[in-house]
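Residues in the sequence shown are numbered from 0 upward in steps of one, following numbering that gives the first Met the number 0. Below is one structure; the comments refer to it alone.
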Amino acid sequence: MSRLPWYMYRKEWYTSVPDGLQRPRLTQKSNSDDLLQREVSFNCPDLLRRNLTVAELGLSPVAGRAGPRRSQGTGSSPSDRGGFLHESQTPRAVGDTGGRRGGVRALKFVGEVVLEPCRGIAVEFLSLTDRGDDPEMFGPEDPNWKFGSEPTITVETSVPFTGHKIDPPSRSVETTPSELLSFFREMSLMRRMEIAADSLYKSKLIRGFCHLYDGQEAVAIGLETSITKKDAIITAYRDHCIYLARGGTLVEAFSELMGRRAGCSKGKGGSMHFYKKDSGFFGGHGIVGAQVPLGCGLAFAQKYLKEGTVTFSLYGDGAANQGQLFEALNISALWDLPAILVCENNHYGMGTAEWRAAKSPAYYKRGDYVPGLKVDGMDVLAVKQAAKFAKEYALKNGPMILEMDTYRYHGHSMSDPGSTYRTRDEISGVRQERDPIERVRKLIFSHELATASELKDIEKEVRKEVDDAIAEAKESPMPDPSELFTNVFVKGFGVEVSRNTCMSFGADRKEVKAILP
Numbered sequence: 000m001s002r003l004p005w006y007m008y009r010k011e012w013y014t015s016v017p018d019g020l021q022r023p024r025l026t027q028k029s030n031s032d033d034l035l036q037r038e039v040s041f042n043c044p045d046l047l048r049r050n051l052t053v054a055e056l057g058l059s060p061v062a063g064r065a066g067p068r069r070s071q072g073t074g075s076s077p078s079d080r081g082g083f084l085h086e087s088q089t090p091r092a093v094g095d096t097g098g099r100r101g102g103v104r105a106l107k108f109v110g111e112v113v114l115e116p117c118r119g120i121a122v123e124f125l126s127l128t129d130r131g132d133d134p135e136m137f138g139p140e141d142p143n144w145k146f147g148s149e150p151t152i153t154v155e156t157s158v159p160f161t162g163h164k165i166d167p168p169s170r171s172v173e174t175t176p177s178e179l180l181s182f183f184r185e186m187s188l189m190r191r192m193e194i195a196a197d198s199l200y201k202s203k204l205i206r207g208f209c210h211l212y213d214g215q216e217a218v219a220i221g222l223e224t225s226i227t228k229k230d231a232i233i234t235a236y237r238d239h240c241i242y243l244a245r246g247g248t249l250v251e252a253f254s255e256l257m258g259r260r261a262g263c264s265k266g267k268g269g270s271m272h273f274y275k276k277d278s279g280f281f282g283g284h285g286i287v288g289a290q291v292p293l294g295c296g297l298a299f300a301q302k303y304l305k306e307g308t309v310t311f312s313l314y315g316d317g318a319a320n321q322g323q324l325f326e327a328l329n330i331s332a333l334w335d336l337p338a339i340l341v342c343e344n345n346h347y348g349m350g351t352a353e354w355r356a357a358k359s360p361a362y363y364k365r366g367d368y369v370p371g372l373k374v375d376g377m378d379v380l381a382v383k384q385a386a387k388f389a390k391e392y393a394l395k396n397g398p399m400i401l402e403m404d405t406y407r408y409h410g411h412s413m414s415d416p417g418s419t420y421r422t423r424d425e426i427s428g429v430r431q432e433r434d435p436i437e438r439v440r441k442l443i444f445s446h447e448l449a450t451a452s453e454l455k456d457i458e459k460e461v462r463k464e465v466d467d468a469i470a471e472a473k474e475s476p477m478p479d480p481s482e483l484f485t486n487v488f489v490k491g492f493g494v495e496v497s498r499n500t501c502m503s504f505g506a507d508r509k510e511v512k513a514i515l516p
């Protein structure tokens, strides 16, 4: 019999009661078959006039196991993903509450908890039984647990961190049920977006260069989990998923890929030039390695302005031999800038294996006097731990290098089949042993946070979300030709664009006039 975690039976009800509700009155009834049923009654004058949401009740969006089980005939909310209550969800009615009185019914069987939320209220961490005669039935108590808080799960990273001139962080990483489910959903969304981009490219709806990120999703999500939108990220041309992690939308992403006006760069950047300045994403850049000095410049600004933030400059193993990278790292170390250089080592620079391009492929040691850390970039929790560790270090001491050991499933770009310089067995082997999404799926199963069918439902939702975004992006018009003359000069530096226009090749062209000091 599996041990039930302590939060599933702790003897505590509400630490606070929502406005309009009186403190619940508890009645207890004993039944046979090791069943203990407790009923709660409450008064709410507005109960029949409106439904209280989970957010209004101040409840956490997580319950034991896969969250509140759906009972027959109760229906479910569209936002009830993976069995978890979300803030937007309205609790469902269970039977006739009658008049102004509502009830919450909870049934507890040995080995399983069934929670049935009634109209106007939802119950999650509900005390259902004493420890009983068999203490081995339940997990250990958590003295820090409070009602409405989410249980913490401690997971050990897949492989140890390896440090250079620094002691590595602990392999034990704390996470929560909702975070693991969020990881699964967000990485699945990224994976589906890139697969759809492949199809759009082959249909000639995406033109020019297109570099896909599938396989490397754990890096994007793990980094984002440990930082804020005030921290900066800058990367190369494999930028779609970084943009999504920074808060970009699917519609903006697909619009930009197809060169439409609704794109994040107004359809002018395409696949390699996604930006979201308001979320600290300073773009994808098409010149190999050129983004690293820019990232160190961002870190200089952060220190100069005393913002207390850091910059993550992402580059590939193919760019790791660029001279400008070492120049930028030198000045960052000289000035103790909060710059974190992240080498996404997917083991191939275009079609060249790392062992053919680098005498020393230990990229985390390339800083010499700058400390480095090698991370399993296919383990989202390891990336999360490393990013948190690096940020804390950089704010106090200066630059640091993170080498993310990752892998890309597609070729370098859409013009590269990706199978001429590596075997299909190699690719399938990584998928089977190290795939970041499958690793999270296994964690979810091992902690009984969701069932296989619930995760399948999430994947179906993701597929529909991507399909809907593509359909909406296709409706966006192409940019007006006049957009060629916008976003060219920085405002306020003595350069202006005149309103005088002339006709050339059938399109309006604006005259650009520079006012020199």
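The C-beta atom is built at its ideal place from N, Cα and C for all residues, glycine as well.
Residue burial annotation: residue 431 is exposed, with fewer than 16 other C-beta atoms found within 10 angstroms of its C-beta. Residue burial annotation: residue 266 is buried, with at least 16 other C-beta atoms found within 10 angstroms of its C-beta. Beta-bridge partners assigned by DSSP to residue 310: 231 and 338. The Cβ atoms of residue 465 and residue 217 do not sit closer than 8 Å to each other. Listed as beta-bridge partners of residue 347 by DSSP are 352. Within the region 415-467, the runs of alpha helix (DSSP H) that reach at least 4 residues and sit entirely inside it are, in chain order, 423-433 and 435-445. Boundaries of the beta strand (DSSP E) harbouring residue 402: 399-404, taken from the DSSP string.
By the neighbour-count criterion, in which 16 or more other beta carbons inside 10 Å mark a residue as buried, residue 206 falls on the exposed side. Shortest Cα-Cα distance from residue 276 to any of 418, 239 and 232 involves 232. Contact between the region 224-244 and the region 297-313 is present: three or more C-beta pairs spanning the two stretches fall below 8 Å. At a Cβ-Cβ threshold of 8 Å, residue 236 and residue 163 do not count as neighbours.
Between the alpha carbons of residue 167 and residue 474 lies a distance of about 49 Å. With a contact defined as Cβ atoms closer than 8 Å, residue 406 and residue 345 qualify at about 5 Å. Linking residue 258 to residue 410 through their CA atoms gives a straight-line distance of about 22 Å. Under the Cβ criterion (8 Å, minimum of three pairs), the region 408-425 does not count as touching the region 245-263. Note on geometry: alpha-carbon atoms of residue 443 and residue 403 lie some 23 Å from one another. Within its own chain, no residue has a Cβ closer than 6 Å to the Cβ of residue 396 once the five positions on either side in sequence are excluded. Per the Cβ contact rule, the region 446-461 is in contact with the region 177-192 (3 or more Cβ pairs under 8 Å). Annotated as proximal: residue 160 and residue 374, with beta-carbon spacing under 8 Å. The beta carbons of residue 172 and residue 154 sit about 5 Å from each other, so the pair counts as a contact at 8 Å.
C-alpha of residue 299 to C-alpha of residue 477: approximately 37 Å in a straight line. Distance from the CA atom of residue 347 to the CA atom of residue 152, rounded to whole angstroms, is 35 Å.
Shown here, residue 364 sits in a helix according to DSSP, grouped into three states. In the same chain as residue 278, and ignoring 5 residues on each side of it, the C-beta atoms closer than 7 Å to its own belong to 228, 245 and 246, in chain order. Put simply, the backbone Cα of residue 387 is about 21 Å away from that of residue 365. For residue 199, same chain residues with a beta-carbon under 6 Å away, outside a window of 5 residues either side, are 205 in chain order. In this structure, DSSP gives residue 224 a helical state, which the three-state scheme calls helix. Considering only 307, 305, 318 and 215, the residue with the shortest C-alpha distance to residue 290 is 318. Judged by DSSP in its simplified three-state form, residue 213 adopts coil rather than helix or strand. Relative to the Cα of residue 293, the nearest Cα in the group 304, 305 and 280 belongs to 280. In this structure, the straight-line span from the alpha carbon of residue 221 to that of residue 383 is close to 4 Å.
Per DSSP, residue 378 lies in no beta strand (DSSP E) segment and is marked neither H nor E. DSSP places residue 409 outside any beta strand (DSSP E), giving it a letter other than H or E. Its chain contains 436, 457, 458 and 461 as the residues whose beta carbon lies nearer than 7 Å to that of residue 187, once the 5 sequence neighbours on both sides are disregarded; these appear in chain order. In this structure, residue 362 places its C-beta atom within 8 Å of the C-beta atom of residue 316. By the CB criterion at 8 Å, residue 256 and residue 219 fall outside the cutoff.
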